[in-house]
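Residue numbers (our numbering): 9 to 279. All remarks here apply to the structure that follows.
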């Protein structure tokens, strides 16, 4: 897989590079949402810095992970934990499936914790507003760590599309630059439209479920003779589209009800 940097300018490699950049963008949506929500836990004046630094460091580690996986990909996919209970449960875990499953559990737990926090009646208490805050360093650590979890599939998919390390590394860098540019915009949108934070957290929950099913399939998990199959990206984006449409319709309907209520109050006052 070793090659000179000049080889990246061949027509074939340029085509692969475009495909890999698109792949990074498609697979990076869920990661971008996590970064935007996680960065809100940092002090307000450091949130933009946290997003940029977290993604920047993650890009460096992604390239390191790429170089590592190129050399040990067979070891990563070798089963290290096996269990069989006929008719009840069966599994064959490799390092890849374990990392994806741990990431899925963490994402689901994070989403549920934040949703529960939103439902607390003391949410608006000044003392509790800062309860969930973390230092900039802590937030950067989690952004980098979860970025690596999300990057496993994109890197392995990239290795299936191209054999040129320089092409894959360039796609990772360009994808990182796009994420830095979009992260501030997504965070600004969520800040201006606070009602969409709940939608974002439920999308994050679905992302966690997707990771769990993906890890389960990679580990060949079987429960009561039923195999775990992963939620593919088409299903994921379909679910997200439905959730967004429901949220838009519900928001507009609530506004309509409020306007009708205000109109009735005005009629009662005038009568």
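Just so you know, even glycine gets a beta-carbon here, dropped at the ideal spot from N, CA and C. It should be emphasised that the depicted structure is a prediction, and the values quoted were computed from it without experimental measurement.
For residue i, which residues from the same chain have a beta carbon less than 6 Å from its beta carbon, with the 5 sequence-adjacent residues on both sides left out?
| i | result |
| --- | --- |
| residue 175 | 16, 21, 24 and 25 |
| residue 266 | none |
| residue 144 | 50, 54 and 58 |
| residue 188 | 60 and 63 |
| residue 92 | 98 |
If we call anything under 8 Å between Cβ atoms a contact, is residue i one with residue j?
| i | j | result |
| --- | --- | --- |
| residue 112 | residue 220 | yes |
| residue 212 | residue 119 | yes |
| residue 236 | residue 74 | no |
| residue 170 | residue 32 | no |
| residue 210 | residue 154 | no |
| residue 216 | residue 115 | yes |
| residue 46 | residue 117 | no |
| residue 69 | residue 152 | yes |
| residue 184 | residue 67 | yes |
| residue 4 | residue 233 | Missing from the structure shown is residue 4; the chain here goes from 9 to 279 and no further. |
Between the C-alpha atoms of residue i and residue j, what's the straight-line distance to the nearest angstrom?
| i | j | result |
| --- | --- | --- |
| residue 214 | residue 244 | 8 Å |
| residue 84 | residue 164 | 11 Å |
| residue 65 | residue 269 | 52 Å |
| residue 158 | residue 241 | 14 Å |
| residue 239 | residue 231 | 17 Å |
| residue 38 | residue 201 | 19 Å |
| residue 121 | residue 222 | 22 Å |
| residue 48 | residue 255 | 22 Å |
| residue 177 | residue 248 | 30 Å |
| residue 262 | residue 206 | 16 Å |
| residue 142 | residue 182 | 29 Å |
| residue 133 | residue 260 | Low local confidence applies: a pLDDT of 49 at residue 133 is under 50, so the model's placement there is unreliable, with the coordinate-based value given in what follows. Those two C-alpha atoms are separated by around 29 Å. |
| residue 10 | residue 167 | Per-residue confidence for residue 10 stands at a pLDDT of 46, beneath the threshold of 50, marking its modelled position as unreliable; the derived number appears in the next sentence. Those two C-alpha atoms are separated by around 13 Å. |
Tell me which residues share the same chain as residue i and place their Cβ nearer than 8 Å to its Cβ, disregarding the 5 neighbours each side in the sequence.
| i | result |
| --- | --- |
| residue 325 | The first residue shown for the chain is 9 and the last is 279, placing residue 325 beyond what the model contains. |
| residue 218 | 38, 112, 238, 239 and 244 |
| residue 204 | 197, 198 and 255 |
| residue 30 | none |
| residue 156 | 66, 69, 70 and 73 |
Under 7 Å Cβ to Cβ from residue i, same chain only, skipping five residues before and after it: list those, please.
| i | result |
| --- | --- |
| residue 27 | 169 |
| residue 40 | 187, 190, 191 and 194 |
| residue 87 | 100, 101 and 102 |
Quiz item: With a cut-off of 8 Å, do at least 3 Cβ pairs link the segment 97-109 to the segment 210-228?
Solution: Note that the segment 97-109 touches the segment 210-228; at least 3 beta-carbon pairs, one per stretch, sit closer than 8 Å.
Exercise. Say whether the segment 92-101 touches the segment 64-80, bearing in mind that this needs 3 or more beta-carbon pairs closer than 8 Å, one atom from each stretch.
Key: Judged by Cβ distances under 8 Å, the segment 92-101 makes no contact with the segment 64-80, as fewer than three pairs qualify.
Quiz item: Whole alpha helix (DSSP H) runs in the segment 191-263 with 4 or more residues, listed along the chain?
Solution: 204-226
Self-check item: Ranges of the beta strand (DSSP E) found wholly within the segment 31-101, counting only runs of at least 3
Solution: 89-93 and 97-101
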